[in-house]
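*Asks:* Starting off with a structure, shown below.
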Ligand code: PMP
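In our numbering, the protein residues as written are 52 to 440.
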């Protein structure tokens with residue numbers, strides 16, 4: 052019997068994640084070296100876990116306040132003050148969410164009226180478009196290229212804006228490209244957004260993973276943009292806490308109150324134990340994050356060098372933990388490349404088209420895995436590419 056007919060058409064129309072499909076395939080092959088995973092290979096530092104354990108021993112195992120533990124919101128506020136120089140009030144401008152993922156979903160659900168357009172610069176993280184569509188919005192993909200360093204330009208943004216544009220998604224440091232924007236570059240985008248009254252949904256979950264001595268910049272810190280920005284972040288990447296599911300969203304109280312209503316009635320609160328772990332990490336985790344960033348940077352430099360030796364051209368990633376080389380010269384589609392690489396060399400990468408049409412011709416290689424794995428994977432990629440010549 053066709054039970055699909057019971058599904059809401061918008062849900063039935065959403066395509067399953069290419070990444071998931073690809074990893075189901077990889078799981079069937081023994082001995083695969085994976086550069087596919089978009090999460091830290093580090094475990095959550097024990098000192099943070101111990102804070103969670105202590106909270107459990109003290110019987111703090113019930114619901115937390117709906118917007119999150121006040122101490123955690125205070126710690127997030129202090130942290131953002133230090134990172135961005137912006138003051139978010141813990142009482143009415145911060146909600147703790149179930150990972151950055153919930154923050155993305157709840158933000159679009161709170162903002163989007165049917166037919167509202169959301170500009171998504173691509174290649175982009177896979178959740179934005181489905182969340183916009185499920186909220187009743189229209190995705191306006193805006194392709195960016197390696198030549199422009201995968202950075203959205205003010206001129207491009209200007210051409211994509213229509214009277215129906217509600218928001219633009221910004222994700223710097225970016226998944227899958229590793230692109231990073233300077234404050235000056237963001238200020239130039241802000242000028243366009245403010246002229247058209249368009250909001251920025253800024254996913255800054257990789258803010259801490261930034262290299263070459265650069266400092267993280269935020270559109271929220273651009274003149275006039277503070278109230279026009281919904282800032283999404285979390286501790287999944289910076290504190291190696293993906294499994295704890297702790298993120299947060301910060302916005303003007305009027306906007307945040309809408310996001311909060313959705314959070315309150317759909318999730319109640321994020322995991323209480325997870326919040327205690329995140330609190331410890333935000334208060335005392337800087338040295339741990341610095342150690343992880345140093346290790347990611349070592350791997351980044353290695354993979355950049357190896358991919359160049361192999362002859363896959365690339366715009367050097369400046370942040371996050373992904374390399375995004377072009378495979379166009381091989382003549383294969385990104386799907387064919389990754390499928391054959393998996394079958395012939397047992398190396399898993401993610402086809403670039405998983406991140407939008409403009410990702411075609413690229414592959415995403417995560418370096419959130421050991422240097423040894425990266426070296427083995429690069430050797431496999433090298434043999435494979437050499438055979439194609
Ligand atoms: N945004 C981006 C750009 C991401 O890459 C991810 C995780 N892959 C998320 C948000 C979601 O993070 P979380 O695990 O905290 O839900």
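Even for Gly, the Cβ is constructed at its ideal location relative to N, Cα and C.
Express the C-alpha separation of residue 306 and residue 250 in angstroms, rounding to a whole number.
*Replies:* As a first step, residue 250 must be located in the chain shown, where it is residue number 199. As a first step, residue 306 must be located in the chain shown, where it is residue number 255. Rounded to the nearest angstrom, the two C-alpha atoms are 11 angstroms apart.
*Asks:* With respect to the beta strand (DSSP E) encompassing residue 299, which residues constitute its N-terminal and C-terminal limits?
*Replies:* Your numbering for residue 299 matches position 248 in the chain shown. First-last of the beta strand (DSSP E) with residue 299: 298-301.
*Asks:* Quick test of the definition: if touching needs 3 or more C-beta pairs under 8 angstroms, does the segment 237-247 touch the segment 276-286?
*Replies:* yes
*Asks:* Which same chain residues, not among the five before or five after residue 263, have their C-beta less than 7 angstroms away from its C-beta?
*Replies:* The residue you call residue 263 lines up with position 212 of the chain shown. In the same chain as residue 263, and ignoring 5 residues on each side of it, the C-beta atoms closer than 7 angstroms to its own belong to 369, in chain order.
*Asks:* Report yes if the CB atom of residue 123 is closer than 7 angstroms to the CB atom of residue 149, and no otherwise.
*Replies:* By 1-based counting over the chain shown, the position of residue 123 is 72. By 1-based counting over the chain shown, the position of residue 149 is 98. Taking 7 angstroms as the Cβ cut-off, residue 123 and residue 149 do not qualify as a contacting pair.
*Asks:* Is the beta carbon of residue 217 sitting closer than 7 angstroms to the one on residue 137?
*Replies:* Here residue 217 refers to the residue found at position 166 of the chain shown. Here residue 137 refers to the residue found at position 86 of the chain shown. At least 7 angstroms separates the beta-carbon of residue 217 from that of residue 137.
*Asks:* Determine the direct distance from the alpha carbon of residue 366 to that of residue 384, and round the result to whole angstroms.
*Replies:* For the purposes of this step, residue 384 is taken as residue 333 along the chain shown, with counting starting at 1. For the purposes of this step, residue 366 is taken as residue 315 along the chain shown, with counting starting at 1. Cα to Cα, residue 384 sits roughly 19 angstroms from residue 366.
*Asks:* At what residue ranges does the segment 173-231 contain a whole run of the beta strand (DSSP E), taking only runs of 3 or more?
*Replies:* 189-194 and 216-221
*Asks:* What's the call for residue 97, buried or exposed, on a 16-neighbour Cβ count within 10 Å?
*Replies:* For this step, residue 97 is matched to residue 46 along the chain shown. It counts as exposed.
*Asks:* When DSSP labels each residue in this structure, what does residue 75 get in the three-state scheme?
*Replies:* For the purposes of this step, residue 75 is taken as the residue at position 24 of the chain shown. It is helical.
*Asks:* Just the Cα atoms here: how many angstroms apart are residue 175 and residue 211?
*Replies:* Residue mapping note: residue 175 aligns to position 124 of the chain shown, counting from 1. Residue mapping note: residue 211 aligns to position 160 of the chain shown, counting from 1. C-alpha separation (whole angstroms): 16 angstroms.
*Asks:* Could you check which residue in 433, 330, 290 and 345 has the C-alpha nearest to that of residue 356?
*Replies:* The count along the chain shown starts at 1 and reaches residue 356 at position 305. The shortest C-alpha separation from residue 356 is found at 433.
*Asks:* For the segment 320-339 against the segment 281-301, are there 3 or more C-beta pairs whose distance is under 8 angstroms?
*Replies:* Judged by pairs of C-beta atoms under 8 angstroms, the segment 320-339 touches the segment 281-301, as three or more such pairs exist.
*Asks:* Starting from residue 291 and walking both ways along the alpha helix (DSSP H), at which residues does that stretch end?
*Replies:* Mapped onto the chain shown, residue 291 falls at position 240. No alpha helix (DSSP H) holds residue 291; DSSP gives it neither H nor E.
*Asks:* List the whole-angstrom C-beta distance separating residue 268 from residue 280, where the pair is believed to meet the contact cut-off of C-beta under 8 angstroms.
*Replies:* Here residue 268 refers to the residue found at position 217 when the chain shown is read from its first residue. Here residue 280 refers to the residue found at position 229 when the chain shown is read from its first residue. 12 angstroms between Cβ atoms; not a contact.
*Asks:* Please tell me whether residue 40 and residue 350 are closer than 7 angstroms, where the distance is taken between their beta carbons.
*Replies:* In this structure the chain extends from 52 to 440, so residue 40 is not present and cannot be described.
*Asks:* Tell me whether residue 256 counts as near ligand 2, meaning its Cβ is closer than 6 angstroms to at least one heavy atom of that ligand.
*Replies:* In the structure on display, ligand 2 does not appear, and the ligands it does have are ligand 1.
*Asks:* Spell out a yes or no on whether the segment 394-405 and the segment 79-87 are touching, meaning 3 or more CB-CB pairs, one atom from each, closer than 8 angstroms.
*Replies:* yes
*Asks:* Which of the three DSSP states is assigned to residue 150 in this structure?
*Replies:* Along the chain shown, read from residue 1 onward, the residue named residue 150 stands at position 99. Assignment of residue 150 by DSSP, reduced to helix, strand and coil, places it in the helix class.
*Asks:* Unbroken beta strand (DSSP E) runs of length 3 or more, entirely within the segment 246-283: which are they?
*Replies:* 250-254
*Asks:* If we require 4 or more residues per run, which alpha helix (DSSP H) segments fall completely within the segment 325-411?
*Replies:* 337-361 and 385-396
*Asks:* Hey, could you find the ends of the beta strand (DSSP E) residue 447 is sitting in?
*Replies:* The structure shown has nothing for residue 447, since the chain only spans 52 to 440.
*Asks:* Based on Cα-Cα distance, which residue from 73, 101 and 67 lies nearest to residue 336?
*Replies:* One-based indexing of the chain shown puts residue 336 at position 285. Here the closest residue by C-alpha is 101.
*Asks:* Would you call residue 110 buried or exposed, if buried means 16 or more other Cβ atoms sit within 10 Å of its Cβ?
*Replies:* Counting from 1 along the chain shown, the entry for residue 110 is found at position 59. Exposed, since its Cβ has fewer than 16 Cβ neighbours within 10 Å.
*Asks:* If you reduce the DSSP assignment to three classes, tell me which class residue 413 lands in.
*Replies:* As a first step, residue 413 must be located in the chain shown, where it is residue number 362. Note: residue 413 maps to strand in three-state DSSP.
*Asks:* For the alpha helix (DSSP H) containing residue 66, list its first residue and its last residue.
*Replies:* Position 15 of the chain shown, counting from 1, holds the residue named residue 66. Element bounds for residue 66: n/a, residue is neither H nor E.
*Asks:* What is the residue span of the alpha helix (DSSP H) that residue 137 lies within?
*Replies:* For this step, residue 137 is matched to residue 86 along the chain shown. In the DSSP assignment, residue 137 falls outside any alpha helix (DSSP H) and carries neither an H nor an E.
*Asks:* Give the DSSP-derived three-state secondary structure of residue 85 in the structure shown.
*Replies:* Here the question's residue 85 lines up with position 34 in the chain shown. Note: residue 85 maps to strand in three-state DSSP.
*Asks:* Check whether the Cβ atoms of residue 299 and residue 284 lie closer than 7 angstroms to each other.
*Replies:* Within the chain shown, numbered from 1, the residue matching residue 299 stands at position 248. Within the chain shown, numbered from 1, the residue matching residue 284 stands at position 233. In contact: residue 299 and residue 284 (Cβ atoms closer than 7 angstroms).
*Asks:* Residue 39 to residue 320, Cα distance in whole Å?
*Replies:* It is not possible to answer for residue 39, since the shown part of the chain is limited to 52 through 440.
*Asks:* Count the CB pairs spanning the segment 68-76 and the segment 183-192 that are closer than 8 angstroms, and state whether there are at least three.
*Replies:* Using a C-beta cut-off of 8 angstroms, the segment 68-76 makes no contact with the segment 183-192, since fewer than three inter-stretch Cβ pairs fall below that distance.
*Asks:* Expressed to the nearest angstrom, what Euclidean distance is found between the alpha-carbon atoms of residue 252 and residue 376?
*Replies:* Counting from 1 along the chain shown, the entry for residue 252 is found at position 201. Counting from 1 along the chain shown, the entry for residue 376 is found at position 325. Cα-Cα distance, rounded: 27 angstroms.
*Asks:* Go to residue 430, then tell me how far its alpha helix (DSSP H) extends in each direction, as first and last residue.
*Replies:* Looking up residue 430 in the chain shown gives position 379. Segment 422-439, the alpha helix (DSSP H) holding residue 430.
*Asks:* Can you tell me the Cα-Cα spacing of residue 199 and residue 407, whole angstroms?
*Replies:* In the chain shown, counting from the first residue as 1, residue 199 sits at position 148. In the chain shown, counting from the first residue as 1, residue 407 sits at position 356. Cα to Cα, residue 199 sits roughly 17 angstroms from residue 407.
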